[in-house]
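First residue of the sequence shown? That's 1 in the UniProt record's numbering, and the numbers climb one at a time after it.
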Amino acid sequence: MAIMDISSLLLALLNDMFFASIPAVGFALVFNVPQKALKYCAIGGALGHGCRFLLMHYGVPIEWATLCAATLVGMIGVHWSHRFLAHPKVFTVAAMIPMVPGVFAFKAMIAIVEINHRGYNPQLLAALMENGVKAVFIVAALAIGLAMPGLLFYRRRPVV
């Protein structure tokens, strides 16, 4: 039974990583990333989304899982930037795009439209607040995770 659970988790992880690499490459093309760096954007997007998927599978809330995944992508991007002599944002920004909380923002906006159309309803306000706050925290986690390697590696003064 445990082998079946592990194999289904591995298959779901590979599925998640494959489909996360597609928008990462798409946005890398939009941002005019050099052609040689596209595969690294795909790998970064897949690793970040896969990390978040695994953490969420084991019970970590999506906000914290996104922070850890964004920090991982940022660290890998810094490593690749030293290795290939490019700016870290070449590798990291497009890799963060698959983790943008579009569904939560959409649900919050739908709740705003419904409140505007139907009037005040406690359930709609609760849906608006829950999804809006979750979307804001996920975007903040992406920004902090993207900035974390710069704060740790490129500081001129000591942290303590």
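Glycine included, C-beta positions come from ideal geometry on N, C-alpha and C.
Between A127, M96, I110, D5, which lies nearest to I138 when the distance is taken from Cα to Cα? Here the question's residue 138 lines up with position 138 in the sequence shown. Of A127, M96, I110, D5, the residue nearest in Cα terms is M96.
Length of the line joining the Cα atoms of F18 and M99: As a first step, residue 18 must be located in the sequence shown, where it is residue number 18. As a first step, residue 99 must be located in the sequence shown, where it is residue number 99. Approximately 14 Å, taken between the alpha carbons.
For G44, which residues of its own chain have a beta-carbon under 7 Å away from its beta-carbon, when the five flanking residues on both sides are left out? For the purposes of this step, residue 44 is taken as the residue at position 44 of the sequence shown. Within the same chain, G44 has close Cβ partners A24, V73, I76, G77, F91, T92, A95.
Considering just the uninterrupted stretch of the alpha helix (DSSP H) at R112, what are its terminal residues? Indexing the sequence shown from 1 puts residue 112 at position 112. Here residue 112 is Ile; the residue named in the question, Arg, does not match the sequence. 102 to 118 is the extent of the alpha helix (DSSP H) around I112.
Exposed or buried, which one is R83 when buried takes at least 16 other CB atoms within 10 Å? What you label residue 83 is simply residue 83 of the sequence shown in a count that begins at 1. R83 is exposed by the Cβ-count criterion.
N- and C-terminal bounds of the alpha helix (DSSP H) containing K134: Translated into positions along the sequence shown, residue 134 becomes position 134. Run containing K134: 122 to 153, per the alpha helix (DSSP H) assignment.
On the three-state DSSP scale, how would you describe H57? Taking the sequence shown and counting its residues from 1, one reaches residue 57 at position 57. Here H57 sits in helix by DSSP.
Alpha carbon to alpha carbon, what distance is there between N15 and E130? As a first step, residue 130 must be located in the sequence shown, where it is residue number 130. As a first step, residue 15 must be located in the sequence shown, where it is residue number 15. So the two alpha carbons sit approximately 28 Å from each other.
Spatial neighbours of V60 within its chain, please: C-beta separation below 8 Å, excluding the five flanking residues on both sides. Looking up residue 60 in the sequence shown gives position 60. Cβ neighbours of V60 beyond the five flanking positions: C68.
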